[in-house]
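Laid out in structure tokens, this is it:
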């Protein structure tokens, strides 16, 4: 059995878990998330916890039991607390402005960059150089953050670009004459 899958997922109060045929649904104060179940992995509810067990002894079932346990833990945390990802803009004239469900970026191009947020993701700009993404799905928040970062990745000589707030950019030394 996977070491990750051995740990139960604790379901806090206010979170409702529904096990249907081939699908698990988690509903909380912030929203609802669904995940399809695999044939090799079974989910068992014991009191206020969920256990993921491999139904056979294959390597695939063992690996997927740990993966499903991690997905369920992220779903429970997402509908109860939510997820947040912060981005920082580094560079002269680099700005961000949130307007409803659209993020307008000025990143040194000849044109402004406009990014429409998908459903379930909220964007805030506390300052002109900070972007805060909030949502229920950890995967969706990470994907949106990666797409925004891809507009202008941090370059290695001056460090200019869009970076995660906890990202460390190692600068290269410039060419010597």
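Residue numbers (the working numbering): 42 to 218.
All C-beta atoms, glycine included, are put in the ideal place defined by N, C-alpha and C.
All values derive from a computational prediction rather than experimental measurement.
Per-residue burial, residue 141 [other beta carbons within 10 Å of its own, 16 or more giving buried]: Looking up residue 141 in the chain shown gives position 100. Answer is exposed; the Cβ neighbour count stays below 16.
Cβ-based burial, residue 96 [other Cβ within 10 Å; buried from 16]: Translated into positions along the chain shown, residue 96 becomes position 55. Exposed is the call here.
Straight-line gap, residue 128 to residue 86 (C-alpha atoms, nearest Å): Within the chain shown, the letter at position 87 stands for residue 128. Within the chain shown, the letter at position 45 stands for residue 86. About 37 Å.
Element boundaries [alpha helix (DSSP H), containing residue 107]: Residue numbering aside, residue 107 sits at position 66 when the chain shown is read from its first letter. Counting along the chain, the alpha helix (DSSP H) containing residue 107 begins and ends at 100-121.
Opposing strand residues paired with residue 131 [DSSP bridges]: Looking up residue 131 in the chain shown gives position 90. Paired residues: 202.
Helix, strand or coil at residue 183 [DSSP, three-state]: Here the question's residue 183 lines up with position 142 in the chain shown. Helix, per DSSP.
Segment limits, beta strand (DSSP E) that includes residue 95: Locating residue 95 in the chain shown gives position 54, counting from the first residue. Per DSSP, the continuous beta strand (DSSP E) segment holding residue 95 begins and ends at 90-95.
Residue 77 versus residue 126 - alpha carbon distance: Taking the first residue of the chain shown as 1, we reach residue 77 at position 36. Taking the first residue of the chain shown as 1, we reach residue 126 at position 85. Going from the Cα of residue 77 to the Cα of residue 126 covers about 25 Å.
C-beta atoms of residue 161 and residue 177 nearer than 7 Å: Taking the chain shown and counting its residues from 1, one reaches residue 161 at position 120. Taking the chain shown and counting its residues from 1, one reaches residue 177 at position 136. Taking 7 Å as the Cβ cut-off, residue 161 and residue 177 qualify as a contacting pair.
Exposure of residue 195, with buried meaning 16 or more beta-carbon neighbours within 10 Å: The residue labelled residue 195 in the question sits at position 154 within the chain shown. By the 10 Å Cβ count, residue 195 comes out buried.
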